[in-house]
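Everything below concerns the one structure shown next.
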């Protein structure tokens, strides 16, 4: 009878709880011990976030770095060379932008059992380069007609010097904001 009475008291305790003190999603509600609550296995969500933050940041930095590097190369090439090269790079970057990256990443993760931080960053970098490419291309198209670039051309500066000594310092604010957006987006 003692087991029957304990079962009855457990059932009574469950039915008399206040609805506001239960979480409909099965997670532990926030408390002083667990400020963000607990997940379904009882782990503290704040601790999970603190442990996972360095990995997420590393993935974002690697993906954004690779995306920026590819974007700088392709953006300068498209904007400075122009013509058919510009059309090809612009068309490819526009096509990649239309691909739903989240869906592709979900499909890939369904087939790959073990994914390292570096591999995840490389997968995200596949979709991180079109934005910087378009941004740099647009800026280079306007900069190549400015006076200081024309003066560098007339003084005999090489294409490399014009791109990286004359144009790159003016692109740094755009690159910094694009990099920040890519890190948070990855």
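In the working numbering, the protein residues as written are 4 to 189.
Yeah, the Cβ is synthetic: ideal placement off N, Cα and C, and Gly gets one too.
CA-to-CA, the gap between residue 155 and residue 57 works out to about 44 Å. In this structure, the CA atom of residue 99 is about 16 Å from the CA atom of residue 75.
Rounded to the nearest whole angstrom, the C-alpha separation of residue 132 and residue 146 is 21 Å.
With contacts defined by Cβ atoms closer than 8 Å, residue 70 and residue 135 form a contacting pair.
The count of Cβ pairs closer than 8 Å, one atom from the region 52-68 and one from the region 176-187, reaches three, so the stretches are in contact. In the DSSP annotation of this structure, the continuous segment of the alpha helix (DSSP H) that includes residue 153 starts and ends at 150-157. The alpha-carbon of residue 170 is positioned some 12 Å away from that of residue 160. Distance check between residue 85 and each of 158, 139 and 185 places 139 closest, using alpha-carbon atoms only. Within the same chain, Cβ atoms closer than 6 Å to the Cβ of residue 63 are found at 186 and 189, the five residues on either side in sequence being excluded. Judged by DSSP in its simplified three-state form, residue 47 adopts strand. A buried status is given to residue 126, since no fewer than 16 other beta-carbon atoms sit within 10 Å of its beta-carbon.
Residue burial annotation: residue 82 is buried, with at least 16 other C-beta atoms found within 10 angstroms of its C-beta.
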